[in-house]
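All remarks here apply to the structure that follows.
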Amino acid sequence: MADTSETTTHFGFETVPEAEKAGRVQGVFNSVASKYDIMNDVMSLGIHRVWKDAMMDWLAPRPGQRLLDVAGGTGDISYRFLKRAGRGHATVLDITTPMLEAGRTRAEADQMADSLDWVTGDAMALPFKDSSFDVYTISFGIRNVTRPQEALNEAYRVLKPGGRLMVLEFSQLPNAAMQKAYDLYSFNVIPRMGKLIANDYDSYQYLVESIRNFPDQETFLGMLRKAGFEHAKYRNLSLGIAALHSGWKI
Numbered sequence: 020m021a022d023t024s025e026t027t028t029h030f031g032f033e034t035v036p037e038a039e040k041a042g043r044v045q046g047v048f049n050s051v052a053s054k055y056d057i058m059n060d061v062m063s064l065g066i067h068r069v070w071k072d073a074m075m076d077w078l079a080p081r082p083g084q085r086l087l088d089v090a091g092g093t094g095d096i097s098y099r100f101l102k103r104a105g106r107g108h109a110t111v112l113d114i115t116t117p118m119l120e121a122g123r124t125r126a127e128a129d130q131m132a133d134s135l136d137w138v139t140g141d142a143m144a145l146p147f148k149d150s151s152f153d154v155y156t157i158s159f160g161i162r163n164v165t166r167p168q169e170a171l172n173e174a175y176r177v178l179k180p181g182g183r184l185m186v187l188e189f190s191q192l193p194n195a196a197m198q199k200a201y202d203l204y205s206f207n208v209i210p211r212m213g214k215l216i217a218n219d220y221d222s223y224q225y226l227v228e229s230i231r232n233f234p235d236q237e238t239f240l241g242m243l244r245k246a247g248f249e250h251a252k253y254r255n256l257s258l259g260i261a262a263l264h265s266g267w268k269i
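Below you can see the structure in the form of structure tokens.
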């Protein structure tokens, strides 16, 4: 008798075949692409800009560096990186073409056109040679990857020796009462605001559920180390609503 078993993964709180997740994630971000920046405001109470600035502060971009910004969406991190570096190059990679197209319409796009590439691609199978980049970032994207460990392995592969990984992602609050209060906000307010702002309840419901399924800070730190990253550390942002993870390819 044929083996009909199939590897499954999470899509929010739903269990789905792994082969389906990428397409369903694409559907979510196709749906929200035109409202992506507003979506980040809703998801983070408007604080995502402060978190991204904190990411740049810790990253400290240097002139001439080459950045790969995975799940880079509308280029928010890449634009920040290039402004901080002064000169350099950024490649924005995203599985969802409409997100990249939205990024190209931003006011900064023409000004930085010579320093930016926009690539449609998969975080688990990057279309780049080994040791191609100085910096790899992924911001609010790795929880949507079907197999996050494979994405981290790929990050290690494409980074040059001495290169740095930095991950910004929603995370878990260390205090149970605070986490419960944040969950009440997340599950009761965010999807309704998604419906109001973007006429899209289901996508926002998925995004909330995906946060709760993502590994906590220490577990994710172990995943960085498993991929080969050294001097791996993390910093909580806003008490752990989000976290920054950093690691180096030595």
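Using my numbering, the first residue of the sequence shown is number 20, and each one after it goes up by one.
Heads up, the beta-carbon is just placed ideally off N, CA and C, and yes, glycines get one too.
Can you tell me whether residue i is buried or exposed? The criterion is at least 16 other CB atoms within 10 Å of its CB, across all chains shown.
i	result
Asp22	Confidence at Asp22 is low in this model, with a pLDDT of 43, below 50, so the placement of that residue should be treated as unreliable; the coordinate-derived value is given next. Asp22 is exposed by the Cβ-count criterion.
Val227	buried
Ile114	buried
Leu256	buried
Lys148	exposed
Tyr223	buried
Leu243	buried
Asn194	exposed
Ile96	buried
Asn207	exposed
Trp77	exposed
Tyr201	buried
Does the distance from the CB of residue i to the CB of residue j come in under 8 Å?
i	j	result
Tyr155	Phe248	no
Met185	Leu258	no
Ser158	Leu112	no
Gly160	Val61	no
Leu86	Ala109	yes
Ala142	Phe189	no
Thr27	Thr34	yes
Gln168	Gln236	no
Met131	Leu171	no
Gly91	Arg106	no
Ala246	Met58	no
Between residue i and the rest of its own chain, which residues show a CB-CB distance below 6 Å, the 5 nearest in sequence each way excluded?
i	result
Leu145	Glu173 and Val177
Asp56	none
Ser265	Met185 and Lys252
Gly140	Leu112 and Pro146
Glu127	Tyr98
Pro80	Phe100, Arg103 and Ala104
Glu37	Thr26, Thr28 and Thr165
Examine chain C for any beta-carbon lying closer than 8 Å to the beta-carbon of residue i, and answer yes or no.
i	result
Arg81	Here chain C cannot be found, since the structure has a single protein chain.
According to DSSP, residue i sits in a beta bridge with which residue or residues?
i	result
Leu263	Leu187 and Arg254
Asp136	Thr110
Which residues in the same chain have their Cβ closer than 8 Å to the Cβ of residue i, if we skip the five residues on either side of it in sequence?
i	result
Arg125	Thr93, Gly94 and Tyr98
Ile269	Pro180, Gly181, Glu249 and His250
Kindly list the residues whose CB is nearer than 7 Å to the CB of residue i, restricted to its own chain and excluding five residues on each side of it in sequence; keep chain order.
i	result
Ile209	Val61, Met62, Tyr223 and Val227
Phe152	Arg85, Leu86, Leu87, Val177, Leu178, Lys179 and Gly182
Arg166	Met143
Ser24	Legend: pLDDT at Ser24 = 47, less than 50; position of this residue unreliable, value from coordinates given subsequently. So the list is empty, once near-sequence residues are dropped.
Phe239	His264
Practice problem: Mind listing, in chain order, the continuous alpha helix (DSSP H) runs of no fewer than 4 residues lying wholly within the region 61-106? | Solution: Segments of the alpha helix (DSSP H) lying fully in the region 61-106: 67-78 and 95-104.
Exercise. Scan the region 105-133 and note each continuous alpha helix (DSSP H) run of 4 residues or more that stays entirely inside, going in chain order.
Key: Fully enclosed alpha helix (DSSP H) runs of 4 or longer: 116-123 and 127-130.
Self-check item: Start-end ranges of the alpha helix (DSSP H) lying completely within the region 141-186, minimum 4 residues
Solution: Runs of the alpha helix (DSSP H) inside the region 141-186: 167-177.
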